[in-house]
Structure formats: C-alpha cells, structure tokens
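Novice:
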Amino acid sequence: MVLKIFFPQCCNKADSGLLVGRWIPGQNSAVVLAVIHYPFIPGQVKQYIHQMRGQSGVDLTVLGSWSMPKEGQEGMESFLRDLSTIFPQGQWLQLSREMGKIGFRCHVLTRDPSKSPFASQVAPIVPYIRHYF
-14 MVLKIFFPQC CNKADSGLLV GRWIPGQNSA VVLAVIHYPF IPGQVKQYIH QMRGQSGVDL
46 TVLGSWSMPK EGQEGMESFL RDLSTIFPQG QWLQLSREMG KIGFRCHVLT RDPSKSPFAS
106 QVAPIVPYIR HYF
C-alpha cells in the first residue's frame, strides 16, 4: 500500500505535535494542514477542530503525530503514539524526522476492529510526501 501524504514544507521543521488535516476518501491520501505543537490539552484540540469544521465546512481531523524530538524529549514519540487512543480513527499516521537528518520515517497504525478497540498493528509504508506552500 502506498499512502500519499501532502505535507506543507513549513511543517517539516515543526516541533513535535499532532498532524491536523483531512483524508481524501477513496485515494489513500491525506492532506496535512497544520501541526499543533506540544504542549497541548487534548480536550482543547478536539474543541478547536470541532469549531474549525463548523466554520470551514471541511472535515478536519487529527491524522496522527509528527515527531522531531529535541534534546531531553526522548519519550515524545511513544507519548504521541499513545494519543491515538484519545483521537481514535481507522488509521493513525506517525511521521518523524531526526534533527540534522534528511528524510522522514512514516508508519501507519491501523485499527483492527476484530480485536479490542485500542488494538492496532504497525505497518511500515512507503509515503509520498509532497511539499507545497
């Protein structure tokens, strides 16, 4: 499976946080519109997205997490992965980049409905990351 991720160039140096955007139905594609940086309160993020949906008419959602850990943030990636239980959906993107390195790592957590609600499988994917803006 190839998942196309349209990712703004300005986000590739963003601090770790949540990826906000929308899935393009039937196309295995996602459009990232913003990164909400850590620290944040999940309840406020949900409220903000709900308000933006109402104002824009666009089906915005938390797509997953972006991780570019800085010194002293070694546990950030697992914290961001755990947020998939607070923002449940069929797929959870995990994009990450190491400081000073070129390229990204991308995984998608896919929920298995036959298991418990929070069971998931990690499946590495070959992303098509396109920079725009």
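Letter by letter, the sequence shown follows residues -14 to 118 of my numbering. Just so it is clear, CB atoms sit at the ideal spot from N, CA and C, and this is done for glycine as well.
1. Which parts of the region 6 to 57 are runs of the alpha helix (DSSP H), unbroken and 4 residues or longer, counting only runs that do not cross its ends?
2. From Gln74, Leu94, Gln79 and Met53, pick the residue whose C-alpha is nearest to that of Ile87; which is it?
3. Quick check: what's the CA-CA separation for Gly6 versus Ile(-10)?
4. Thinking just about the alpha-carbon of each residue, which of Asp44, Met37, Pro(-7) and Thr70 is nearest to the one in Leu18?
5. For Ser81, which beta-bridge partners are listed by DSSP?
6. Whole angstroms are fine: how far does the CA of Leu94 sit from the CA of Gln74?
7. Ser14 to Trp8, Cα distance in whole Å?
8. Based on the DSSP output, what are the partners of Gln76 in its beta bridges?
9. Could you tell me which of His92, Ser1, Leu80 and Gln76 sits nearest to Ser25, measuring between CA atoms?
10. Taking the straight line between their C-alpha atoms, what separation do you get for His35 and Ser41?
11. Closer than 7 angstroms by C-beta to Asp44: which residues in its own chain qualify, once you throw out the five before and the five after it? Chain order, please.
Specialist: On the basis of the data shown:
1. Those alpha helix (DSSP H) runs which fall completely within the region 6 to 57 and span 4+ residues are 27 to 41.
2. Translated into positions along the sequence shown, residue 87 becomes position 102. Here the closest residue by C-alpha is Met53.
3. What you label residue 6 is simply residue 21 of the sequence shown in a count that begins at 1. What you label residue -10 is simply residue 5 of the sequence shown in a count that begins at 1. Roughly 10 angstroms separates the two Cα atoms.
4. Along the sequence shown, read from residue 1 onward, the residue named residue 18 stands at position 33. Of Asp44, Met37, Pro(-7) and Thr70, the residue nearest in Cα terms is Pro(-7).
5. The residue labelled residue 81 in the question sits at position 96 within the sequence shown. Per DSSP, Ser52 and Arg90.
6. Residue numbering aside, residue 74 sits at position 89 when the sequence shown is read from its first letter. Residue numbering aside, residue 94 sits at position 109 when the sequence shown is read from its first letter. Pairing Gln74 with Leu94, the inter-Cα distance amounts to about 10 angstroms.
7. Here residue 14 refers to the residue found at position 29 when the sequence shown is read from its first residue. Here residue 8 refers to the residue found at position 23 when the sequence shown is read from its first residue. If you take the alpha carbons of Ser14 and Trp8, they lie about 6 angstroms apart.
8. Within the sequence shown, the letter at position 91 stands for residue 76. Partner(s): Thr95.
9. Here residue 25 refers to the residue found at position 40 of the sequence shown. First, the residue type needs correcting, since residue 25 is Phe and not Ser in the sequence shown. Nearest in C-alpha terms to Phe25, of all of His92, Ser1, Leu80 and Gln76, is Ser1.
10. In the sequence shown, counting from the first residue as 1, residue 35 sits at position 50. In the sequence shown, counting from the first residue as 1, residue 41 sits at position 56. If I take the Cα positions, the gap works out to 10 angstroms.
11. Mapped onto the sequence shown, residue 44 falls at position 59. Cβ within range, chain order: Arg7 and Arg38.
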